[in-house]
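Take any residue in the sequence shown, note its place counting from 1, add 9, and you have its number in my numbering.
Ideal Cβ positions, reconstructed from N, Cα and C, are used throughout, including at glycine.
Only one structure is covered here, and it is reproduced in the block below.
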Amino acid sequence: MLLTRSFLLCRSSQLAVQNAAFSTTCRAEKSYQLLVVGGGAGGCATAAKFSSKLGKGKVAVIEPADMHYYQPMWTLVGGGMKKLEDSGKPMSQVLPKKADWIKQRVVSFNPEQNTVRTEDGQDVGYEYLVLAMGLQLNYHQIKGLPEAFETPGVCSNYSPLYVNKTLASLENFHQGNAVFTFPATPIKCAGAPQKIMYISEEYFRKHGKRDKANIIYNTSLPVIFGIKKYADALWEVVKARDITVNLRSNLIEVKPESREAVFQNLDQPDELTTYEYEMLHVTPPMSTPDVLRECPKLVDAGGFLDVNKHTLQHIKFPNIFGIGDCTNIPTSKTAAAVAGQVGVLRKNLSMAMQGQTPRHLYDGYTSCPLVTGYSKCILAEFDMDGNPLETFPINQGKERRTMFHLKKDMMPPMYWLGMLNGYWEGPKYLRKLMHLGMK
Ligand code: FAD
Ligand code: UQ1
């Protein structure tokens with residue numbers, strides 16, 4: 010019912026779009042100069058910036074969750090290096106004090122009227138809207154998986170519901186296949202499905218079980234990683250550590266009774282391969298949240314918010330901007346990318362608010378700290394054209410202990426104190442400083 014209403018609201022006349030884009034008159038009970046949907050990494054940072062600039066009562070965040078999680082920590086939680094409790098804080102503590110928190114879920118968008126509707130039936134109005142809704146985890150799309158999560162050995166670092174099962178699966182591992190998957194959709198942190206595999210491999214070695222474990226990485230992608238420099242380094246790692254990699258191999262079914270996982274060869278769809286597993290780490294298919302994906306005025310054919318990849322402004326509605334995982338910016342979806350986008354959004358949205366045309370350009374900066382065990386990490390950093398864009402004047406394609414500590418010890422405070430308060434806009438200036446005097 011709600012979805013039907015959302016669809017109808019989103020399908021109102023195109024003409025009204027242009028006319029109402031900057032209209033501040035709407036039929037909402039409450040209205041804000043800036044409304045942010047989503048209080049995750051991008052939404053929280055954006056609200057912090059603008060509520061301190063515009064003052065109390067001008068900015069609101071619509072976010073239903075009680076907890077805000079620092080998701081990058083879940084890789085370490087799965088490996089037993091951090092606790093799940095260390096990765097979350099109450100939403101009330103992280104959302105900026107000067108912004109109103111509307112603790113609701115958005116159930117429909119009406120961009121012609123500059124309103125959104127929340128689950129309790131309220132229409133909230135805006136002059137400017139920032140969508141920062143992240144990605145939805147579609148575990149249910151894999152046959153048998155929801156039931157399989159009720160059984161031992163099936164785990165996933167992608168959800169706070171299942172991440173503690175990863176360490177339990179390692180502890181209880183006796184012998185057999187440890188299978189790690191990568192789905193056939195865009196995902197957040199494309200390195201995370203294999204980071205936990207390297208951690209697991211080291212765990213088995215440390216605990217005398219390595220010779221009992223057959224480690225298999227089944228990925229839907231045609232490559233181990235999208236950027237050649239880091240892919241070359243990762244092929245060396247898998248070779249040295251005796252890990253089997255199957256490309257174009259997509260998990261379609263889990264059979265918990267027989268402890269089997271069924272994979273489809275994406276190049277020959279009739280070819281199915283079944284693996285018995287002792288441990289199965291699943292990275293689920295992902296999409297934007299249904300309410301956004303089903304709003305054709307706002308999204309592209311793939312269901313992602315349709316923004317200009319450089320300015321972050323919506324293609325059709327100039328008073329709407331997007332940030333983070335829910336957008337169709339063609340770069341790897343990470344918190345590091347969100348940090349890079351925050352600075353561009355701050356400048357461009359401020360320009361739009363002053364009636365100017367946004368002209369600051371995002372370069373697609375993103376980073377994936379490819380943790381390869383309990384003390385090593387390859388710090389991948391690159392732009393949206395796939396070129397390495399490294400902060401430090403050393404070869405970041407190498408596994409390093411320093412990068413591991415950057416990921417494990419430095420990034421969490423940088424996120425909670427810097428990024429969520431709107432102060433960390435990525436390492437652009439650090440990179441320039443580090444490369445002073447170099448070509
Ligand atoms: P999110 O932070 O996911 O926030 C989206 C928010 O929108 C949520 O709070 C959600 O409740 C809200 N929302 C959704 N639907 C609605 C609705 N209908 N109404 C209102 N609100 C809604 N990134 C890195 O940079 N480095 C890493 O090492 C790294 N490792 C990762 C490892 C794992 C296991 C995972 C899961 C992620 C990792 N990431 C990493 C990725 C990073 O966490 C995300 O890219 C980042 O959080 C994206 O920020 P966002 O604001 O776009 O979305
Ligand atoms: C980063 O900025 C960031 O966002 C806060 C991350 O997410 C947690 C990262 O993992 C990384 C690596 C960066 C980039 C930061 C530096 C200092 C290279």
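Between the Cα of residue 173 and those of 392, 257, 82 and 295, spot the shortest distance and give me the residue it belongs to. Reading the sequence shown from its first residue, position 164 is the one you call residue 173. Here the closest residue by C-alpha is 82.
Going by CA-CA distance only, name the one from 112, 108 and 69 that's closest to residue 76. Translated into positions along the sequence shown, residue 76 becomes position 67. Here the closest residue by C-alpha is 112.
Could you check the C-alpha separation between residue 159 and residue 266 for me, to the nearest Å? For the purposes of this step, residue 159 is taken as residue 150 along the sequence shown, with counting starting at 1. For the purposes of this step, residue 266 is taken as residue 257 along the sequence shown, with counting starting at 1. Answer to the nearest angstrom: the Cα atoms are 11 angstroms apart.
Could you tell me whether the region 100-116 touches the region 284-297, where touching means 3 or more Cβ pairs closer than 8 angstroms? no
Please classify residue 170 as buried or exposed, where buried requires at least 16 neighbouring CB atoms within 10 angstroms. For the purposes of this step, residue 170 is identified with residue 161 of the sequence shown, where counting begins at 1. Label assigned to residue 170: exposed.
In this structure, how does DSSP classify residue 118 when only helix, strand and coil are distinguished? Looking up residue 118 in the sequence shown gives position 109. The answer is strand: DSSP assigns residue 118 an E or B state.
In angstroms with no decimal places, state the Cα-to-Cα distance between residue 360 and residue 371. Taking the sequence shown and counting its residues from 1, the one referred to as residue 360 is at position 351. Taking the sequence shown and counting its residues from 1, the one referred to as residue 371 is at position 362. In a straight line, the C-alpha of residue 360 is about 15 angstroms away from that of residue 371.
Quick one: residues in its chain with C-beta nearer than 8 angstroms to the C-beta of residue 356, no 5 flanking neighbours on either side, listed in chain order? By one-based count along the sequence shown, residue 356 stands at place 347. Counting only Cβ-Cβ distances below 8 angstroms, and skipping sequence neighbours, we find 367 and 369.
Does any residue of chain C have a CB that is nearer than 7 angstroms to the CB of residue 161? The structure shown has no chain C; it contains just one protein chain.
Taking contact to mean at least 3 C-beta pairs separated by less than 8 angstroms, is the region 335-351 in contact with the region 300-314? yes
Which residues share a DSSP beta bridge with residue 288? Counting from one through the sequence shown, the residue named residue 288 turns up at place 279. Answer is 187.
Using a threshold of 6 angstroms, is the CB atom of residue 9 nearer than that to any non-hydrogen atom of the ligand FAD? The question about residue 9 has no answer here: the residues shown for the chain are numbered 10 through 448.
Helix or strand or just coil, what does DSSP make of residue 213? For the purposes of this step, residue 213 is identified with residue 204 of the sequence shown, where counting begins at 1. Looking at residue 213 - three-state DSSP - the assignment turns out to be helix.
Tell me whether residue 410 is buried or exposed, calling it buried when 16 or more other Cβ atoms sit within 10 Å of its Cβ. Residue mapping note: residue 410 aligns to position 401 of the sequence shown, counting from 1. Exposed is the call here.
Exposure of residue 252, with buried meaning 16 or more beta-carbon neighbours within 10 Å: Counting from one through the sequence shown, the residue named residue 252 turns up at place 243. Looking at its Cβ environment, which holds 16 or more other Cβ atoms inside 10 Å, residue 252 is buried.
Per DSSP, residue 258 is paired with what? Within the sequence shown, residue 258 is the residue found at index 249, counting from 1. For residue 258, which the question treats as bridged, DSSP gives the partners 274.
Residue 445: buried (16+ other C-beta within 10 angstroms of its C-beta) or exposed? Against the sequence shown, residue 445 aligns to sequence position 436. Exposed, since its Cβ has fewer than 16 Cβ neighbours within 10 Å.
What residue does the alpha helix (DSSP H) around residue 156 start on, and which one ends it? Here residue 156 refers to the residue found at position 147 of the sequence shown. Per DSSP, residue 156 belongs to the alpha helix (DSSP H) from 154-157.
Could you pull the start and end residues of the beta strand (DSSP E) that residue 353 belongs to? The count along the sequence shown starts at 1 and reaches residue 353 at position 344. Where residue 353 is concerned, there is no enclosing beta strand (DSSP E), although the alpha helix (DSSP H) it sits in stretches over 344-362.
Counting only the same chain and skipping the five closest in sequence on each side, list residues whose C-beta sits under 7 angstroms from that of residue 313. As a position in the sequence shown, residue 313 is number 304, starting the count at 1. Result list for residue 313: 297, 335, 336 and 337, in chain order.
Taking the alpha-carbon positions, what's the residue 48 to residue 341 distance? What you label residue 48 is simply residue 39 of the sequence shown in a count that begins at 1. What you label residue 341 is simply residue 332 of the sequence shown in a count that begins at 1. So the alpha carbons of these two residues sit roughly 20 angstroms apart.
Report the rounded CA-to-CA distance for residue 127 versus residue 41, giving the unit in angstroms. Numbered from 1 along the sequence shown, position 118 holds the residue referred to as residue 127. Numbered from 1 along the sequence shown, position 32 holds the residue referred to as residue 41. If you take the alpha carbons of residue 127 and residue 41, they lie about 15 angstroms apart.
Measuring from the CB of residue 367, is there a heavy atom of the ligand FAD at a distance below 6 angstroms? Residue 367 sits at position 358 when you count from the first residue of the sequence shown. Flag unset: Cβ of residue 367 not near the ligand FAD.
Using a Cβ-Cβ cutoff of less than 8 angstroms, which residues in the same chain neighbour residue 137 once the five nearest sequence positions on both sides are dropped? In the sequence shown, counting from the first residue as 1, residue 137 sits at position 128. If we look at residue 137 and ignore the five residues flanking it on each side, its Cβ neighbours are 42, 43, 44, 328, 329, 330, 358, 361 and 362.
Go ahead and label residue 209 buried or exposed: buried means 16 or more other beta carbons lie within 10 angstroms of its beta carbon, across all protein chains shown. As a position in the sequence shown, residue 209 is number 200, starting the count at 1. Buried: at least 16 other Cβ atoms inside 10 Å.
Going by Cα to Cα distance, which pick from 240, 247 and 233 is closest to residue 256? Here residue 256 refers to the residue found at position 247 of the sequence shown. Cα-wise, what sits closest to residue 256 is 233.
Spatial distance of residue 261 from residue 442 (CA atoms): As a position in the sequence shown, residue 261 is number 252, starting the count at 1. As a position in the sequence shown, residue 442 is number 433, starting the count at 1. Cα-Cα distance, rounded: 47 angstroms.
Minimum length 3: unbroken beta strand (DSSP E) runs contained in the region 289-327: none
In or out: residue 419 buried (at least 16 other Cβ within 10 Å) or exposed? Start at 1 with the first residue of the sequence shown, and residue 419 comes out as number 410. It is exposed - the Cβ of residue 419 has fewer than 16 other Cβ atoms within 10 Å.
Would you tell me roughly how many angstroms separate the C-alpha atoms of residue 275 and residue 349, rounded to the nearest one? Here residue 275 refers to the residue found at position 266 when the sequence shown is read from its first residue. Here residue 349 refers to the residue found at position 340 when the sequence shown is read from its first residue. Going by the C-alpha atoms only, they are around 34 angstroms apart.
Kindly list the residues whose CB is nearer than 6 angstroms to the CB of residue 178, restricted to its own chain and excluding five residues on each side of it in sequence; keep chain order. Working through the sequence shown from its first residue, we reach residue 178 at position 169. Hits under 6 angstroms: 162, 164 and 288.
Quick one: what's got a C-beta closer than 6 angstroms to residue 185's C-beta in the same chain, skipping five residues either side? Looking up residue 185 in the sequence shown gives position 176. 287, listed in sequence order.
Return yes when at least one heavy atom of the ligand UQ1 lies under 6 angstroms from the C-beta of residue 381, else no. Position 372 of the sequence shown, counted from the first residue, corresponds to residue 381. Checking the Cβ of residue 381 against the ligand UQ1 gives no.
Who pairs with residue 77 in a beta bridge, going by DSSP? Here residue 77 refers to the residue found at position 68 of the sequence shown. In DSSP, residue 77 forms a bridge with 98.
Measuring straight from C-alpha to C-alpha, what distance separates residue 343 and residue 436? As a first step, residue 343 must be located in the sequence shown, where it is residue number 334. As a first step, residue 436 must be located in the sequence shown, where it is residue number 427. When rounded, the distance between both Cα atoms is 14 angstroms.
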